[in-house]
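The end of the sequence shown is residue 443 by the working numbering, with every number in the run present.
Idealized CB from N, CA, C, for every residue including glycine.
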Amino acid sequence: MKLSRIALAGGVAASTVLLIAGPAAAHVSVQPVGEAAKGGYATLNFKVPNERDQASTVKLEVNFPADHPLSSVTPQAVPGWKITIDRSKLDKPLEVHGKKITEAVSKVTWTADDGEIAPGYFQQFPVSVGALPEDADQLVFKAIQTYDNKEVVRWIEEPKAGGEEPDSPAPVLKLTAASEDGHGGAAADAAKGDDHKAAGSDASAEENSTAASSSSSDTTARTLGIIGIVIGIAGVAFGVLAGRRRSA
């Protein structure tokens with residue numbers, strides 16, 4: 196009986212934890228595809244869950260950090276959604292690949308055109324960005340989610356120093372350390388892989404050439420051997436015939 200009560204109490208406690216943690220976890224978030232290295236480029240997915248049972252999400256606004264402007268922001272087309280890009284002038288121009296950038300994307304808005312995020316579903320909105328700042332550990336993207344019943348949810352609260360998650364947290368992108376060559380580590384690895392493949396191809400070609408040469412030598416030796424046997428047989432036959440003629 197006591198064990199049953201303990202089990203029941205544990206189940207209630209677990210359910211309470213899930214109920215408390217569930218709503219806090221269902222917010223707009225951002226995740227990179229692979230790594231988001233400092234000084235490099237990355238593809239980000241803004242994940243938008245629908246939290247309402249009787250309403251659908253029809254609009255998402257993502258504000259890009261003004262303290263760390265990104266010179267390149269390119270959203271991927273999402274079927275059923277119209278995309279609007281807002282730009283703003285920079286107080287301090289950016290220099291990228293020898294060119295001065297005087298304005299940067301300040302906001303990207305997705306508006307449902309022939310689609311929506313229904314209750315119980317989520318949608319991802321991909322964006323290619325760069326170059327990521329080298330003097331920051333994270334980027335904060337404030338987002339605003341709008342439902343078809345006119346309800347607006349503002350995911351704009353930045354993380355607190357104590358580590359506690361705010362009630363309406365803004366999407367936060369964690370940046371990783373830059374590679375030794377600054378960026379393009381994946382390209383370098385691919386180049387190394389190509390070198391290995393090329394070396395393997397050369398080795399295979401050499402082996403095939405050696406095998407072909409060996410095979411050719413064997414064929415030549417066999418041919419000469421057969422010719423020698425034929426000549427030997429012909430010589431023996433000629434000798435026999437000559438002997439018969441002398442005897443006659």
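Of the residues 345, 354, 330, the one placed nearest residue 233, counting alpha carbons only: If you number the sequence shown from 1, residue 233 lands on position 38. Of the listed residues, the one whose Cα sits closest to residue 233 is 330.
Which of helix, strand or coil DSSP assigns to residue 237: Here residue 237 refers to the residue found at position 42 when the sequence shown is read from its first residue. Three-state DSSP puts residue 237 in a strand.
Element boundaries [beta strand (DSSP E), containing residue 333]: Indexing the sequence shown from 1 puts residue 333 at position 138. Its beta strand (DSSP E) spans residues 333-335.
Buried or exposed by the 16-neighbour rule on C-beta atoms within 10 Å, applied to residue 337: Taking the first residue of the sequence shown as position 1, residue 337 is located at position 142. By the 10 Å Cβ count, residue 337 comes out buried.
Pair within 8 Å by beta-carbon distance, residue 244 and residue 317: Within the sequence shown, the letter at position 49 stands for residue 244. Within the sequence shown, the letter at position 122 stands for residue 317. The beta carbons of residue 244 and residue 317 sit closer together than 8 Å.
Cβ contact check for the stretch 303-319 and the stretch 240-256: 3 or more pairs under 8 Å: Taking a contact to require three or more Cβ pairs closer than 8 Å, the stretch 303-319 and the stretch 240-256 qualify as touching.
Nonlocal neighbours in the same chain, by C-beta distance under 6 Å from residue 325, ignoring five residues either side: Reading the sequence shown from its first residue, position 130 is the one you call residue 325. Only 236, 267 meet the Cβ criterion.
Euclidean distance between Cα positions of residue 370 and residue 345: To locate residue 370, count along the sequence shown from 1; it is residue 175. To locate residue 345, count along the sequence shown from 1; it is residue 150. In this structure, the straight-line span from the alpha carbon of residue 370 to that of residue 345 is close to 35 Å.
Proximity to residue 333 [Cα-Cα], best of 221, 269, 366, 308: Translated into the one-based positions of the sequence shown, residue 333 becomes position 138. 366 is the residue among 221, 269, 366, 308 whose C-alpha sits nearest the C-alpha of residue 333.
Buried versus exposed call for residue 299 [16 or more other C-beta atoms within 10 Å across all chains shown]: Here residue 299 refers to the residue found at position 104 when the sequence shown is read from its first residue. Buried, by the Cβ-count rule.
Cross-strand partners of residue 364 (DSSP beta bridge): Looking up residue 364 in the sequence shown gives position 169. Residue pairing for residue 364: DSSP places it in a beta bridge opposite 352.
For residue 306: DSSP bridge partner residues: Sequence index remark: in the sequence shown, residue 306 carries index 111 (1-based). As a beta-bridge residue in DSSP terms, residue 306 pairs with 254, 277.
DSSP bridge partner residues for residue 342 (one or two, in chain order): Indexing the sequence shown from 1 puts residue 342 at position 147. Beta-bridge partners of residue 342 (DSSP): 252.
Residue 303 versus residue 259: straight-line alpha-carbon distance, rounded: Along the sequence shown, one-based indexing puts residue 303 at 108. Along the sequence shown, one-based indexing puts residue 259 at 64. Rounded to whole angstroms, residue 303 to residue 259 spans 8 Å at the Cα level.
Beta-carbon contacts of residue 274 that lie in its chain and below 7 Å, excluding the five residues immediately before and after: Reading the sequence shown from its first residue, position 79 is the one you call residue 274. 310.
Beta-carbon gap between residue 194 and residue 305 smaller than 8 Å: No answer is possible for residue 194: it lies beyond the span of the chain, which begins at 196 and ends at 443.
Where the beta strand (DSSP E) through residue 269 begins and ends: Counting from 1 along the sequence shown, the entry for residue 269 is found at position 74. Counting along the chain, the beta strand (DSSP E) containing residue 269 begins and ends at 267-270.
Whole-Å CB distance - residue 297 paired with residue 288, under 8 Å assumed: Residue mapping note: residue 297 aligns to position 102 of the sequence shown, counting from 1. Residue mapping note: residue 288 aligns to position 93 of the sequence shown, counting from 1. In this structure residue 297 touches residue 288 by the C-beta definition: roughly 5 Å separates them, less than 8 Å.
Residue from 231, 240, 230 whose Cα sits closest to the Cα of residue 319: Position 124 of the sequence shown, counted from the start, is the residue given in the question as residue 319. Closest option to residue 319, Cα to Cα, is 240.
Residue 340, buried or exposed, once every other Cβ within 10 Å from all chains shown has been counted against 16: Position 145 of the sequence shown, counted from the start, is the residue given in the question as residue 340. By the Cβ-count criterion, residue 340 is buried, with 16 or more other Cβ atoms from all chains shown falling within 10 Å of its own Cβ.
Beta strand (DSSP E) segment containing residue 259, residue limits: Within the sequence shown, numbered from 1, the residue matching residue 259 stands at position 64. Where residue 259 is concerned, there is no enclosing beta strand (DSSP E), given that its DSSP letter is neither H nor E.
DSSP state of residue 291 mapped onto helix, strand, coil: Against the sequence shown, residue 291 aligns to sequence position 96. Collapsing the DSSP output to three states places residue 291 in a strand.
Classification of residue 224 by the beta-carbon crowding that lies within 10 angstroms, buried from 16 upward: Locating residue 224 in the sequence shown gives position 29, counting from the first residue. It counts as buried.
Buried or exposed (CB count within 10 angstroms, at least 16 for buried), residue 292: Taking the sequence shown and counting its residues from 1, the one referred to as residue 292 is at position 97. Within 10 angstroms of the beta-carbon of residue 292 lie fewer than 16 other beta-carbons, which makes it exposed.
Span of the beta strand (DSSP E), counted from its first residue to its last, around residue 224: Here residue 224 refers to the residue found at position 29 when the sequence shown is read from its first residue. Its beta strand (DSSP E) spans residues 224-227.
Of the residues 246, 221, 263, the one placed nearest residue 368, counting alpha carbons only: Mapped onto the sequence shown, residue 368 falls at position 173. When each option's Cα is compared against that of residue 368, the closest is 263.
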